[in-house]
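To start, the structure itself, in structure tokens.
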Amino acid sequence: MNLSDYVLEFLKQKKIKNVFLITGGAISFMIDSFSRVKNIKYTCVAHEQAAAMMADSYSRLGPNLSCTMVTSGPGATNLITGIACSWFDSIPALHITGQVNSYEKQGAQKGTKKTRQVGFQETDIVSITKPITKFSYQLKNPNEIRYVLEKACYLAQSGRPGPVVIDIPMNFQKADIQKNKLKKFIPPRVNINKNLLKKNIKKINSLLKKSLRPVVLLGGGIKIAKVEKKIKNFLKKINIPAVSTWSGVDIIDHENKNYIGNVGVYGSRAANFAVQNSDLLLCLGSRLDTRITGGVPSSFARKSKVISVDIDKNELSKQRGLKLHLKINSNLFDFFQNFEKESKKFKYNNISWLQKCNEWKSRYPMVKEEYYLQKKFVNPYVFINELSKILNKRSVIIADDGGHLTWAIQAFKVKEGQKLFSAFGNSPMGYAFPASIGASLAQNKSKVVCIAGDGSIQMNIQELQTTIFNKLPIKIVIMNNNGYGIIKQFQELYLNKRYKATTAATGVVNPDFKKISKAYGINYTLISNHKNLG
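Using my numbering, the letters of the sequence shown correspond one by one to residues 16 to 549.
Here it is in structure tokens:
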């Protein structure tokens with residue numbers, strides 16, 4: 016069997032239905048297999064960076080991990096920003112890169128070991144991507160293919176998920192292999208210390224009973240572990256205030272009586288008050304990064320006993336001033352399964368604390384009534400608030416970075432069933448638009464709302480053609496403030512208002528988005544003030 020055909024058959028077995036790709040010489044044999052292997056599609060994109068971002072969002076919403084295929088050299092290196100998005104947000108994705116023929120590689124022939132390049136567009140993508148992947152490997156011979164594919168997919172989806180890269184030389188892609196003789200990958204046995212987990216859950220129950228002001232922090236790890244439904248039951252049982260990180264903002268309905276808001280440097284005042292005045296903070300699936308704790312981690316949850324449940328032991332051992340009272344290294348699925356068993360008779364009844372947190376939520380709304388009185392232009396908080404009112408419970412909303420991401424997370428009121436996300440850890444300009452394409456395809460060409468800025472939309476604006484060709488129902492919102500707003504704010508705070516490289520006067524200029532829309536045959540609407548919002 017042809018190796019490339021085998022790869023596509025393997026992807027089909029893994030229920031990967033769509034591959035995001037750009038062709039090129041070093042990946043041509045692999046892509047040619049789509050002409051022979053049925054029931055697996057590919058989507059041609061305009062830039063490899065966008066392909067990786069499409070794959071990232073596809074994995075977030077799809078039933079399985081996603082896949083890209085690109086050529087060697089610049090094709091492979093263009094993936095890096097998207098791979099980093101998946102790495103920092105713990106998203107599984109399989110990236111298959113083509114490589115020059117094995118006999119043309121650096122070091123393959125005598126005297127070439129220290130040369131910079133031998134084959135055309137030869138680049139050591141494995142070494143480049145190792146720091147931002149769970150597994151990055153170049154095939155040494157064709158007969159490794161089954162073992163490497165199985166290992167890569169296992170690692171991408173097990174433990175704390177993440178992206179993987181498989182680099183396949185051209186001559187291996189067209190090689191014949193004997194399918195039945197290929198070596199299998201046998202996943203290692205994962206041992207769970209159930210006794211330790213039970214012991215820690217008993218400690219949590221004991222601390223909760225003694226606590227006067229407990230708070231639970233919902234992190235993105237809850238979605239990765241697919242335990243959102245368990246959170247609902249958990250909150251119903253213990254009935255304490257809940258706050259979320261940005262990554263966890265769409266885990267819970269924002270009208271839920273237990274939900275106070277999202278926390279951190281750009282969080283709501285009510286949620287931050289709840290955390291800072293708590294005496295017990297139970298953190299579920301959050302790495303507690305500096306955007307949550309602030310620049311002085313020792314001041315975070317200042318009088319609270321902080322309990323952290325995380326699948327990654329390295330996140331629990333960070334030494335940066337944040338003191339954890341109890342560290343629980345566990346998958347959240349196992350944690351909740353055991354918590355439900357050990358806490359059947361547990362009941363928490365401090366209603367006054369929950370009422371106090373809800374009082375803060377009512378007193379310090381993110382969208383104030385006076386914002387609606389603004390006459391000139393559109394207040395971004397008003398726009399996001401109105402947008403959240405009209406979208407239904409099945410809506411997918413993807414925001415980009417910077418100011419408009421901040422407005423979106425702060426002002427959007429999530430309904431149960433909605434998805435609101437971004438590439439939170441890497442947070443590159445240009446993520447939201449290609450991610451919206453991946454999300455739409457993951458859900459059978461469903462509607463997606465993309466929230467971008469005038470700067471970020473230009474990073475991957477070429478994918479307008481991908482959207483049109485595939486007839487995707489994506490609504491693109493460009494929040495246009497003619498510059499890099501959040502960096503301007505930084506310049507105001509720290510650089511005495513020296514607006515360098517952030518405004519039209521200093522070199523940051525926009526095209527005419529109306530003309531661009533017309534060129535692609537896309538409907539265009541301008542909302543210039545609150546009267547136009549309807």
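Where is the CB? At the ideal position from N, CA and C, for every residue including glycine.
What's the C-alpha gap between residue i and residue j?
i	j	result
L36	I181	14 Å
L295	P380	24 Å
L572	L223	Residue 572 is absent from the model: the chain starts at 16 and stops at 549.
Y446	N475	8 Å
I424	A450	17 Å
V524	C100	27 Å
E165	N271	42 Å
F436	S262	7 Å
V242	F348	6 Å
K320	H340	5 Å
L211	I246	22 Å
D71	L80	9 Å
T421	I143	31 Å
N346	I542	46 Å
F135	A65	24 Å
H419	Q188	44 Å
S332	N277	24 Å
A91	I207	38 Å
K252	S43	56 Å
R409	Y274	20 Å
Q334	I489	43 Å
Y281	T260	10 Å
G336	T305	11 Å
What whole-angstrom Cβ distance do residue i and residue j have, given they're in contact under 8 Å?
i	j	result
V163	S151	Rounded, the Cβ-Cβ distance is 11 Å, inconsistent with contact.
I343	S323	7 Å
I55	K32	7 Å
V464	V429	At roughly 13 Å, the Cβ-Cβ gap does not stay under 8 Å, so V464 and V429 are not in contact.
D469	M444	Their Cβ separation, rounded to whole angstroms, is 11 Å, which puts D469 and M444 out of contact at 8 Å.
V179	L109	6 Å
G39	G122	At roughly 23 Å, the Cβ-Cβ gap does not stay under 8 Å, so G39 and G122 are not in contact.
A414	I466	4 Å
L233	I267	6 Å
G235	D325	With 8 Å as the limit, G235 and D325 do not qualify as a contact, their Cβ atoms being about 11 Å apart.
Considering only C-alpha positions, which residue in the set the options is nearest to residue i?
i	options	result
Q291	G90, G498, D71 and G309	G309
L23	I111, I98, E63 and K430	I111
M84	F49, L76, P78 and R75	F49
E357	K209, M69, L154 and I267	K209
S283	Y169, Q334 and V264	V264
E401	V311, A167 and L548	L548
E137	M16, K408 and S87	S87
S471	K530, E374, Y57 and N496	N496
N195	V280, R161 and G77	R161
T518	G500, F135 and F439	G500
V52	S43, A66, E63 and F25	F25
Y73	A457, A289, Y281 and A534	A457
F249	F351, S173, K218 and Y281	F351
F315	A286, D325 and K328	A286
R228	N364, G279 and V133	N364
K328	Q473, M185, K238 and S301	S301
H62	L170, A257, G77 and T96	T96
G174	N215, Q28, N220 and I239	I239
E385	H545, E355 and K27	H545
K30	A41, G77 and A67	G77
E355	G336, I219 and A289	I219
Q433	Q124, I405, K198 and N373	I405
I192	S221, C82 and N156	N156
V231	N353, D20 and L303	L303
F427	L18, K362, I147 and V382	V382
With 8 Å set as the bound, which would you pick, yes or no: does the beta-carbon of residue i sit closer than that to a beta-carbon of chain B?
i	result
N344	Here there is only one protein chain, and chain B is not present.
Discussion item. As an exercise, report each continuous beta strand (DSSP E) stretch of at least 3 residues that is fully enclosed by the stretch 282-306, in chain order.
Written reply: Qualifying beta strand (DSSP E) stretches, in chain order: 295-299.
Worksheet entry | Given 8 Å, three or more beta-carbon pairs between the stretch 191-207 and the stretch 111-130 | No, the stretch 191-207 is not in contact with the stretch 111-130.
Worksheet item: Are the stretch 396-404 and the stretch 367-378 touching, with three or more C-beta to C-beta distances below 8 Å?
Response: With the cut-off at 8 Å, the stretch 396-404 and the stretch 367-378 do not touch.
Worksheet item: Just checking, does the stretch 101-117 make contact with the stretch 472-480 on the three C-beta pairs under 8 Å criterion?
Response: Touching, no.
Item to complete: Taking only runs that begin and end inside the stretch 170-228, name each unbroken beta strand (DSSP E) of 3 or more residues, in chain order.
Response: If only uninterrupted beta strand (DSSP E) runs of at least 3 residues are considered, those enclosed by the stretch 170-228 are 178-184.
Practice prompt. Write down every uninterrupted run of the beta strand (DSSP E) in the stretch 452-477 whose length is 3 residues or greater and which is fully enclosed by it, in chain order.
Written response: Runs of the beta strand (DSSP E) inside the stretch 452-477: 463-468.
Practice prompt. Would you list, in sequence order, the uninterrupted beta strand (DSSP E) runs of no fewer than 3 residues that lie entirely inside the stretch 44-76?
Written response: Positions of the beta strand (DSSP E) runs, each at least 3 residues long and wholly inside the stretch 44-76, are given as 56-59 in order along the chain.
Worksheet item: Taking only runs of the alpha helix (DSSP H) that begin and end inside the stretch 336-364, which ones reach a length of at least 4 residues, in chain order?
Response: The stretch 336-364 contains these whole alpha helix (DSSP H) runs: 347-357.
Discussion item. Does the stretch 534-545 come into contact with the stretch 506-519, if we say contact requires no fewer than three beta-carbon pairs (one atom in each stretch) closer than 8 Å?
Written reply: Contact check between the stretch 534-545 and the stretch 506-519: fewer than three CB pairs, one atom from each, fall below 8 Å, which does not count as touching.
Worksheet item: In chain order, which continuous runs of the alpha helix (DSSP H) of length 4 or greater are located wholly inside the stretch 353-438?
Response: Fully enclosed alpha helix (DSSP H) runs of 4 or longer: 366-378, 395-405 and 417-426.
Worksheet item: Which full runs of the alpha helix (DSSP H) of 4+ residues lie inside the stretch 226-250, going along the chain?
Response: 236-239, all fully within the stretch 226-250.
Fill in: Any beta strand (DSSP E) of 3 or more consecutive residues that is wholly inside the stretch 464-538
Within the stretch 464-538, the complete beta strand (DSSP E) runs of at least 3 residues fall at 489-494.
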